[in-house]
Structure formats: C-alpha cells, structure tokens
Amino acid sequence: DGPSAGITMVTAMLSLALDRPIKSDLAMTGEVSLTGKVLPVGGIKEKVMAARRAGIKTIVLPEDCRRDFDELPDYLKDGITSNYASDYSSVFDVAFGKD
2 DGPSAGITMV
12 TAMLSLALDR
22 PIKSDLAMTG
32 EVSLTGKVLP
42 VGGIKEKVMA
52 ARRAGIKTIV
62 LPEDCRRDFD
72 ELPDYLKDGI
82 TSNYASDYSS
92 VFDVAFGKD
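Using the working numbering, the letters of the sequence shown map in sequence onto residues 2 to 100.
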C-alpha cells in the first residue's frame, strides 16, 4: 500500500477487469502518475530481499531505480530477472505479455 504500490494496484485492477491472471512469481514496485508515468521509489534493496524470500523470479522496477538495483550485491540479484519501466505500458507487457 502507499505510493510505492501504484503499478501493483493498477496491475491488480486490470487483471480483474480483463480476467487475465499474472504470473505468480512476479513482483513490482513503483509509483504511477495519472498519465501512466512510472516514478521512482526508495527501499529497492529491502524490496528485492523480500522478493527473494518469497520466491519471486521476475521483478519490475522504475527505470529511475535501475542504478539502485545494479548496485546490489550479486547474491541478491542472482536468479531474478529485472525489468524496468518508465511508463505503465512497459509494466503491462511484462505482467500480461505482449499481444
């Protein structure tokens, strides 16, 4: 909950509205503007650590958080596919697949 869950909440609502599930091993974080721009958030290290503990294999982060992820130790990044989004359409493509 909170601004960091913006893209997650949009994705959950679209999943329900479109009756299309998303992958169970996908996690995401990022604030979203009314125009669909994905904005940066803090706490990337903690969020990646929590995702690893939960068995997450794919994450979506704001493009502006790429450096935060890249600076993490390799043992935290190993086995996780990272995707970066500057607008919500990129999140949609990862969550639901490209049409």
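We treat Cβ as the ideally placed atom computed from N, Cα and C, and that holds for glycine.
None of these values were measured; they are calculated from a predicted model.
{"Item": "If you draw a straight line from the C-alpha of L73 to the C-alpha of G44, how long is it?", "Value": "12 Å"}
{"Item": "State the Cα-Cα distance for the pair A51 and M29, rounded to the nearest angstrom.", "Value": "12 Å"}
{"Item": "Buried or exposed for T82, going by 16 or more other Cβ atoms inside 10 Å?", "Value": "exposed"}
{"Item": "Can you tell me the Cα-Cα spacing of L27 and C66, whole angstroms?", "Value": "17 Å"}
{"Item": "Could you tell me the alpha carbon to alpha carbon distance between P22 and S90, rounded to whole angstroms?", "Value": "17 Å"}
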